[in-house]
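Just below is one structure, and these are the notes that go with it.
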Amino acid sequence: MLNHGPLSKPFLSLQSYLQGFIHLIYPHICLQCASSELLNSQVICDECESQLPYTHFSKMVINPIEKIFWGRAKIEQANAILYFTKDSIVQKIIFELKYKQNKKAGYLLGRLIAQEILSTHSENPVLFLIPIPISKKKLRKRGFNQCLIICKGIIDYGVNAVIFNGLHKIKNTVTQTHKDRLERSLQNSPVFILKNRIQLQDKPIMIVDDVITTGSTLEAAFHCLKAANPSSISISTAAYTFT
Ligand SMILES: [Zn+2]
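Using the numbering used here, you'd call the opening residue of the sequence shown number 538 and step up by one each time.
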């Protein structure tokens, strides 16, 4: 097991030395076109960013993400910024964030979501952002929750919002024999618990996830958060994958 306590000074200097060394071997280049014409804070160049597969769902009267939740959850607004397809640049960005611990990829996705929020929610009061939590096991392995990084990216870009960290993922401990039909249908959905719910009462909240497919994770989070009586619940995801 790795020690996740505070890092000692010699270790930190070794870490920064190694990072500098890695940068020499792997120069900072665009994930998609390998151009070196990008800022240190970027993972893809401006040209590739302009060519991302944007969904433009926010311009539709009724969009495919809202339709996912029809009859399942009363969502104020639901949106996904990019289409996620196999072997695409969007897959590379998500992979970079989740499996290569590259937070810059998360800040990019946060900024893209922020641009949409600012164009559609301009006059709203402080928005509570709820990152979809990951399990403790994944958190230990990955070092951070990728949805939390996306939320930080949203705020960094100027959205008037705060991050709410009271939603937690727990193990589904209900045994098969005690499950009724509804529970069995949700058996693959994560189970969430809510702490400090009072903070969300009468506030507009937005659940933030990296990728939406069937919507079952977001639906489970929605029903947990509803108990806090927020004024509205919106959903924003970086990418949408359709089956
Ligand atoms: Zn590029």
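Every residue, glycine too, gets a C-beta built ideally from N, C-alpha and C.
DSSP places residue 615 within a strand segment (E or B) once states are collapsed to three. Taking a cut-off of 8 Å for Cβ pairs, the segment 602 to 617 and the segment 572 to 590 do not touch, as fewer than three such pairs fall below it. Shown here for residue 603: same chain residues with a beta carbon closer than 6 Å to its own, the five before and five after excluded, namely 615 in chain order. Partner residues in the beta bridge of residue 706, as assigned by DSSP, are 729. In the same chain as residue 595, and ignoring 5 residues on each side of it, the C-beta atoms closer than 6 Å to its own belong to 616, 653 and 657, in chain order.
Cβ contact annotation for residue 774 (same chain, cutoff 6 Å, sequence separation greater than five): 617, 746 and 749, in chain order.
When secondary structure is reduced to three states using DSSP, residue 576 falls in the coil class, being assigned neither helix nor strand.
Inter-residue distance for residue 760 and residue 607 is about 14 Å (C-alpha atoms, whole angstroms). In this structure, the C-beta of residue 669 stays at least 8 Å away from each heavy atom of ligand 1. Those residues that bring their Cβ nearer than 7 Å to a heavy atom of ligand 1 are 567, 569, 570, 572, 581, 582, 584 and 585. The continuous stretches of alpha helix (DSSP H) do not include residue 665, which lies in the beta strand (DSSP E) extending over residues 664 to 668.
Residue 599 and residue 689 have their C-alpha atoms roughly 28 Å apart. Beta-bridge pairing by DSSP links residue 773 to 616 and 745. For the set 767, 776, 550 and 551, the Cα lying nearest the Cα of residue 665 is the one of 767. At least 9 Å separates the beta-carbon of residue 583 from that of residue 647. The C-beta distance from residue 671 to residue 641 rounds to 19 Å, too long to fall under 8 Å, and the pair is not in contact.
For residue 728, the closest C-alpha among the options 739, 755 and 676 is that of 755.
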